[in-house]
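**Student:** Can you keep this structure in mind? I'll have questions shortly.
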Amino acid sequence: DVTREFLQQLPKAELHIHLEGTLEPDLKLKLAQKNHINIGQNTIEEVKKSYQFDDLASFLAVYYPALAVLQTEQDFYDLAYAYLLKAKDNHVRHVELFFDPQAHTSRGISFETVINGFYRATQDAKSFGVDAQLIMCFLRDFSKESARQTLLEAKKHRDKILGIGLDSDEHHNPQMKFATHFENAVSQGYHITMHCDIDQVDSIDHIKQALEVIGVERLDHGTNIVENPDLVDFVNQKQIGMTTCPKSNSFVSADMKGKEITDLLAKGIEVSVNSDDPAYFGGYISENYWALAEAYDLSVDQVVQIAKNSFNSSWISDQQKRNYV
Ligand code: HPA
Ligand code: ZN
């Protein structure tokens, strides 16, 4: 039977998690105190009470201002290291971590401070068996010029970054706004993926841009694709991985999109289950597997297939994949 315990112990890859979204209330308060930043809350209860959101925009309005507590390279290290220990507990063998440099450079923190702290934590996680890589995201509500500069700054750190992604507020910020930067990223050898958040205005257009024009290797969220059978066939034929996030979905919409996720899984699409922003959405990856498995009565075969999909749609080598699938 599929139990919480079984799901926790199942070896998995995590492909949709934002390092900034792993900032737990206790670390947030600790860093606020150390760095003398007034975040408006003084206790864990007060921080948790401030987590009131019911869509992407209201979530992002809570999420981004709190990042002011991150100041030094060690702060970024501590944030990533705390997550990587949780990854180990959840039997995550491989993780591809999103981070948002512009959320920090825009408030005067250097790109180096961010990348060096995060990267050093990923290297230290090897000692406890977690293979961690970084995916740098552009903030889609920032300008094209800001994205261009960010990609340029990343050049010196090319070896520390596996791929490029796109996140933050999708409304009025289509994928095509960044098409030339993604083309440039591919020419520099980065892997590419993009958020296609659930139930957006123009979801299907955005998904088409990502798949047909820009040529992403994965879709982050993207479950609105079920509205368009041709796109579902496209994703199936090209083996585009889809990184879904049940608990996140429950927060920003009315449900976890379990019907969409299980339908796509049944069609043979490489759907994975991930935690997105676990410090905000009430659970790490195993809890996301459990939420879906419990609500949709998933079989052992189904959850094992999801875990296999997570490795198959990851950006590890085919040789490494053979260790897991
Ligand atoms: N969508 C868009 N932006 C985000 C997300 C997300 O799921 N998580 C953190 N930033
Ligand atoms: Zn996300």
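Numbering-wise, the sequence shown is residues 3 to 327 according to UniProt numbering.
Note that beta-carbon positions come from the ideal geometry of N, C-alpha and C, so glycine has one too.
Quick check: Ile166 and Phe184, are their CB atoms within less than 8 Å of each other?
**Tutor:** Against a cut-off of 8 Å, the Cβ pair of Phe184 and Ile166 comes out as a contact.
**Student:** Does at least one heavy atom of ligand 2 sit under 7 Å from the Cβ of His208?
**Tutor:** No - ligand 2 has no heavy atom lying nearer than 7 Å to the Cβ of His208.
**Student:** For the pair the region 79–96 and the region 9–17, tell me if three or more CB-CB distances fall below 8 Å.
**Tutor:** Yes, they touch.
**Student:** Is Asp320 near ligand 1, judged by its Cβ being under 7 Å from some heavy atom?
**Tutor:** Incorrect: Asp320 has no Cβ contact closer than 7 Å to ligand 1.
**Student:** Are Glu272 and Asn226 closer than 8 Å when you measure CB to CB?
**Tutor:** For Glu272 and Asn226, no; Cβs fall outside 8 Å.
**Student:** Under a three-way DSSP split, which group does Met258 fall into?
**Tutor:** Coil, per DSSP.
**Student:** Of all the alpha helix (DSSP H) runs that stay within the bounds of the region 247–314, which reach a length of 4 or more residues?
**Tutor:** For the region 247–314, whole alpha helix (DSSP H) runs of length 4 or above, ordered along the chain, are 248–254, 260–268, 280–283, 287–298, 302–314.
**Student:** Examine ligand 2 and report whether any of its heavy atoms sits within less than 7 Å of the Cβ of His20.
**Tutor:** Because some heavy atom of ligand 2 lies under 7 Å away, the Cβ of His20 counts as near it: yes.
**Student:** So the candidates are Leu154, Ser315, Tyr65; which of them puts its Cα closest to the Cα of Ser274?
**Tutor:** Taking only the C-alpha atoms, the option nearest Ser274 is Ser315.
**Student:** Please check the pair Phe313 and Ala15, which I expect to be a contact at CB under 8 Å, by giving their CB distance rounded to whole angstroms.
**Tutor:** Confirmed, about 5 Å.
**Student:** Have a look at the DSSP bridge pairing and note the partners of Asp222.
**Tutor:** DSSP, once it has assigned bridges, lists His197, Thr245 as partnering Asp222.
**Student:** So, using beta-carbon positions, are Gln177 and Gln211 closer together than 8 Å?
**Tutor:** The answer is yes: Cβ separation under 8 Å.
**Student:** Quick check: the Cα distance between Leu300 and Leu294, rounded to an integer number of angstroms?
**Tutor:** The alpha-carbon atoms of Leu300 and Leu294 are separated by roughly 8 Å.
**Student:** Would you say the beta carbon of Leu197 comes nearer than 7 Å to a heavy atom of ligand 2?
**Tutor:** Reading off the sequence shown, one finds His at residue 197, where the question assumed Leu. Result yes, Cβ under 7 Å from ligand 2.
**Student:** Between the region 30–40 and the region 70–83, do three or more beta carbon pairs fall short of 8 Å?
**Tutor:** Yes, since at least three Cβ pairs between the region 30–40 and the region 70–83 fall closer than 8 Å, the two stretches touch.
**Student:** Is the region 249–261 touching the region 278–292 in the sense that three or more CB pairs, one from each, lie closer than 8 Å?
**Tutor:** Enough Cβ pairs lie closer than 8 Å, so yes.
**Student:** Would you kindly work out how many angstroms separate the C-alpha atoms of His208 and Cys198, rounded to a whole number?
**Tutor:** Each residue's Cα considered, the two are about 7 Å apart.
**Student:** For the beta strand (DSSP E) that Gly165 lies in, which residues bound it at each end?
**Tutor:** 165–169 is the extent of the beta strand (DSSP E) around Gly165.
**Student:** For the putative contact between Leu29 and Ala84, defined by C-beta atoms under 8 Å, what is the C-beta separation to the nearest angstrom?
**Tutor:** About 6 Å separates the two Cβ atoms, so the contact holds.
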